[in-house]
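**Q** Numbering (our numbering), first residue to last: 74 to 372. Even for Gly, the Cβ is constructed at its ideal location relative to N, Cα and C.
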Ligand code: RIB
């Protein structure tokens, strides 16, 4: 299975805090760590660990070689990644004792992607089984249109949510994968099932919606499948959605039943949140299988 991940590569600067700061508040932090991250990087690694052949596309600056090296050491093909004169994207991530976070995102090189670069990526990868993108890079709508023209199946994780996300051409999206907040903003609904159905009616092929502790939903117009979330002691939820995305799409593309794909993805993201970091804590497939076996589930 050849997966093209067109996405962002970020340096994650993680600050551990007693609580998330209020407006005007100055806080000392209890810890500071630098991790590799970015939704594109995290999702590429999750897809790879799930079992796919993954090709990453996007841009880093001169300060971002170690992100590319990290992806390559994880078995992801990085030959399509281009260099930009801008700084590499970075994220300031504040984490509270419950593992909840808030972020400031500097797009940097991720926002320097041009139509010419997209044309080249599509031209050279028409044999991809899927192109997966998020909303941290420039040219997302352009890439969706080009991929559709080239008949490459598309998956979109419209994250982080900004107002312009509402205007994307959802009829060009084969798999829409997002969280409850993003789904509610785009659809105007608040109930999980209603969100999934409303998003489907915007023209996507399949909708995969995560609902935090309430689990996840799959809807493709014919089937409505659900899975529960696993209860674990979360230390850092950064990257949980990306882990879910890679594992869920891999399972669906492999022909697994939607409820099994949701369960496997939930297991993978449950394992991811029990340690600090994003990309570095995405579990290997074997760990996910073992976790599920202990829960009496198979995948
Ligand atoms: O989804 C988690 C990611 O979002 C982090 O790694 C951070 O870089 C931001 O892009």
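1. Measure the alpha-carbon distance for residue 211 versus residue 257 and round it to whole angstroms.
2. Using a threshold of 8 Å, state whether the C-beta atoms of residue 259 and residue 322 are closer than that.
3. Enumerate, from N- to C-terminal direction, the unbroken beta strand (DSSP E) stretches of 3 or more residues contained entirely within the region 104 to 146.
4. Need the endpoints of the beta strand (DSSP E) that residue 78 sits in, please.
5. Under the three-state reduction of DSSP, which class applies to residue 357: helix, strand or coil?
6. Buried or exposed: where does residue 246 fall if 16 or more other Cβ atoms within 10 Å of its Cβ makes it buried?
7. Ordered along the chain, which non-local residues of its own chain (more than five positions away) have a Cβ less than 6 Å from that of residue 115?
8. I'd like the list of long-range same chain contacts for residue 157, defined as Cβ closer than 6 Å, with 5 residues on each side in sequence excluded.
9. Could you check whether residue 303 and residue 271 sit closer than 8 Å to each other, using their CB atoms as the reference points?
10. Any idea which residues DSSP pairs residue 168 with across the strands?
11. Would you list the one or two residues that DSSP bridges to residue 280?
12. Answer with buried or exposed for residue 163, where buried requires no fewer than 16 other C-beta atoms within 10 angstroms of its C-beta.
13. Flag residue 345 as yes when its Cβ comes closer than 7 Å to any non-hydrogen atom of the ligand FAD, and as no otherwise.
14. Going by DSSP, what residues sit across from residue 155 in a beta bridge?
**A** Judging by the given coordinates:
1. One-based indexing of the chain shown puts residue 211 at position 138. One-based indexing of the chain shown puts residue 257 at position 184. Counting only the Cα atoms, residue 257 lies some 23 Å from residue 211.
2. The residue given as residue 259 occupies position 186 in the chain shown. The residue given as residue 322 occupies position 249 in the chain shown. Against a cut-off of 8 Å, the Cβ pair of residue 322 and residue 259 comes out as no contact.
3. 104 to 110, 126 to 130
4. Mapped onto the chain shown, residue 78 falls at position 5. Looking at the DSSP string, the run of the beta strand (DSSP E) that includes residue 78 is 75 to 79.
5. One-based indexing of the chain shown puts residue 357 at position 284. Correct three-state label for residue 357: coil.
6. Locating residue 246 in the chain shown gives position 173, where the first residue counts as 1. Answer is buried; the Cβ neighbour count reaches 16.
7. In the chain shown, counting from the first residue as 1, residue 115 sits at position 42. The beta carbon of residue 115 lies closer than 6 Å to those of 312, 315, 351, 352 in the same chain, with the five residues before and after it left out.
8. The sequence position of residue 157 within the chain shown is 84, counting from 1. Excluding residues within five positions, the ones whose Cβ falls inside 6 Å are 132, 134, 182, 185.
9. Position 198 of the chain shown, counting from 1, holds the residue named residue 271. Position 230 of the chain shown, counting from 1, holds the residue named residue 303. No, the pair does not count as a contact, with Cβ atoms beyond the cut-off.
10. Indexing the chain shown from 1 puts residue 168 at position 95. Note: residue 168 sits in a beta bridge opposite 89, 174.
11. Mapped onto the chain shown, residue 280 falls at position 207. 249, 292, per the DSSP bridge assignment.
12. Locating residue 163 in the chain shown gives position 90, counting from the first residue. Answer is buried; the Cβ neighbour count reaches 16.
13. The model on display carries the ligand RIB but not the ligand FAD.
14. For the purposes of this step, residue 155 is taken as the residue at position 82 of the chain shown. For residue 155, which the question treats as bridged, DSSP gives the partners 132.
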